[in-house]
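With mature numbering (1 follows the signal peptide of the UniProt record, and there is no 0) as the guide, the letters of the sequence shown map in order to residues -19 to -1, 1 to 440. The block underneath contains the structure these notes are about, expressed in structure tokens.
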Amino acid sequence: MKNILLALSFFFLCSNAYSQTLNQKIQVAYQKFMADEQLKHASVSFSVASTDDNTSIFTAQPQLGMVPGSTLKVITAATALSVLGENYRFKTEIGYNGVINNGVLQGHIIIKGSGDPTLGSDRYTSTTKTVIYTKILDALKQAGIKKITGEIIADDAMWDSQSLPDGWIWQDMGNYYGASTSAVCWGENEFDVNFNPSTTLGKPVTIINEKQLYPFLTLVNEVSTGAAGSGDQVYGYSSPYSQFIYLRGTYAQNLKKTIRFALPDAALAMAYDVHDFLNQNGIQTSGFNTTRKLQLQSVAVKGIQKSLLMIESPKLSDIIYQFNQKSLNLYGEQLLRIISPDKTIAKGITFIKDFWKNKGIANASLNIYDASGLSPANRVTSKTMVDVLQASKKEKWFNAYLNSFPVYNNMKMKSGTIGDVLCYSGYHENKCFAIMVNNYSGSTSAIRQKIFTLLNSFK
């Protein structure tokens, strides 16, 4: 017994000595980091903790509220996995109202969405537009439908019309990464535009594929030709449900790049594409519409009377993988609305904050306006990030969660990058960490390498 007590005492002494040594090592690296000229006017919050016993290893301003950028996604992902489970799947129902007489549907085809962010996405073999078209066509043929007197209607009425979070900026909303939410998503709610620059600097560029774009969209092209090597400086300016998208900025002379913009109305885009596909494949339809648009016109539309097809998304674990690996803002905002008690963005934000409050995390340390981190108004502390990471380590879905983190600097961590903000949150061996830097100056690539050097101090 005495030998066991001596052995335990020796173990705890060694463990404590190791912890002190590691703390000192990080402290030296942190002081060097903070002395750098790039951080002269910056704010930094840094926390490192053990995932074995939840003890803190090192902290520096851990309670300072910081703009998290896309590192907020790790909190959204953990919340969604906790609430929905890693095997959760979204469902989109295809059906019709009316009657079928001699192969003619006297009624409408209804696409009833539930917020599936993967519908029409090419990230998964089961969700591509071609796969969805084929499933719908086969279902109609099986039902004996050869002609439709009514329309293809995307039922997007499950959610209210506020499809973007408060706090997003005008410069973001028209671009692919600022796409708005919808109960009926389509192709990740974005579309492609191809430009042809002029041979003369400053002259307008032309849009190559304008005739192939949606007929309900008007692109106002104000993009000019930039110098060779200046890259893509093109931004889309639009708002949800708008007909007009203003394209501004410059497109370099030597650039060959497809630019992606946000669809103002993804549900309408899906209704149009399905309508167009069916007409090209022998099933005539009279048009396309959405429940929201019809409601604005005070037109009552019956829901699905006969179901034809149920389309399921990939498992949530697969969605979370793409969400964190590719930093897909749309996925975060869709998940926010799914877990929201009334499917509104505002109640979704409150739900996330209260969910973690019940686990001991103060609301003030998780002061957020969205679920993806795009809003520069978000404020989260590094301690809160680490608390979420520690709590997630104990969950049965942790392996799926950890697998979703990208690898940087040979560490599993999610990055967050918006204007003069660079943050990382993640895991390394038996430690979790969050480093949040706001308002640094100079090169992003340079500060990134300096952050990696700091993180190397506890490898």
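Even for Gly, the Cβ is constructed at its ideal location relative to N, Cα and C.
Contact between the segment 369 to 387 and the segment 50 to 68 is present: 3 or more CB-CB pairs across the two stretches fall below 8 Å. Assignment of arginine 104 by DSSP, reduced to helix, strand and coil, places it in the coil class. In terms of Cα proximity to aspartate 173, the closest of Asp257, Glu67, Ser346, Lys237 is Lys237. Remark: C-beta atoms of arginine 360 and asparagine 344 do not approach each other more closely than 7 Å. Following the DSSP letters along the chain, one finds isoleucine 326 in no beta strand (DSSP E) but inside the alpha helix (DSSP H) bounded by residues 326 to 338. Taken through DSSP and simplified to helix, strand or coil, isoleucine 56 comes out as helix. Between isoleucine 133 and the set Ser279, Leu259, Gln430, the nearest pair of CA atoms involves Leu259.
Close CB contacts of aspartate 137 within its chain, under the 7 Å cut and outside five residues either way in sequence, are with Gly94, Ser163, Ala164, Val165, Ala248, Thr271, Thr272, Arg273 (chain order). As for any alpha helix (DSSP H) of minimum length 4 sitting wholly inside the segment 264 to 316, the runs are 272 to 277, 297 to 306, ordered along the chain. The beta carbon of glutamine 306 is closer than 7 Å to those of Ser385, Pro387 in its chain, skipping five residues each way along the sequence. Threonine 206 has Tyr232 as its beta-bridge partners, per DSSP. Here valine 80 is exposed: its Cβ has fewer than 16 other Cβ atoms, across all protein chains shown, within 10 Å. It is roughly 6 Å from the alpha-carbon of alanine 352 to the alpha-carbon of glutamate 314.
Residue pairing by DSSP places asparagine 156 opposite Phe242 in a beta bridge. DSSP places histidine 256 within a helical segment (H, G or I) once states are collapsed to three. In this structure, the CA atom of threonine 362 is about 36 Å from the CA atom of isoleucine 226. Following the DSSP letters along the chain, one finds asparagine 380 in no beta strand (DSSP E) but inside the alpha helix (DSSP H) bounded by residues 379 to 384.
Nearest to arginine 70 by C-alpha distance, out of Lys296, Asp103, Asp17, Gly50, is Lys296.
Each residue's CA atom was taken as its position, placing asparagine 310 and lysine 116 some 28 Å apart. Counted as a single uninterrupted DSSP element, the stretch harbouring glutamine 44 is not any beta strand (DSSP E), since DSSP gives it neither H nor E. Contact annotation: serine 346 and glycine 148 have beta-carbon atoms that are not nearer than 7 Å. Comparing alpha-carbon positions, the option among Arg229, Gly210, Ser211 lying closest to serine 219 turns out to be Arg229. Here glycine 94 carries a coil assignment [DSSP, helix/strand/coil]. In the assembly as shown, methionine 394 is a buried residue. Its beta-carbon has 16 or more other beta-carbons within 10 Å. Looking at the DSSP output, serine 31 shares a beta bridge with Lys412.
Proximity to valine 186 across Leu194, Ser205, Pro196 peaks at Ser205, based on C-alpha coordinates. The segment 425 to 432 makes contact with the segment 7 to 25: 3 or more CB pairs, one atom from each, lie closer than 8 Å. Per the C-alpha coordinates, the member of Asn437, Ser422, Ser438 positioned closest to aspartate 17 is Ser422.
As DSSP reads the structure, isoleucine 342 sits in no beta bridge. Residue Asn262 holds the alpha-carbon nearest to the alpha-carbon of lysine 122 among Ala30, Gly397, Asn262.
Three or more beta-carbon pairs separated by less than 8 Å are not found between the segment 154 to 162 and the segment 82 to 94, which leaves the two stretches without contact.
Positions of the beta strand (DSSP E) runs, each at least 3 residues long and wholly inside the segment 354 to 404, are given as 392 to 399 in order along the chain.
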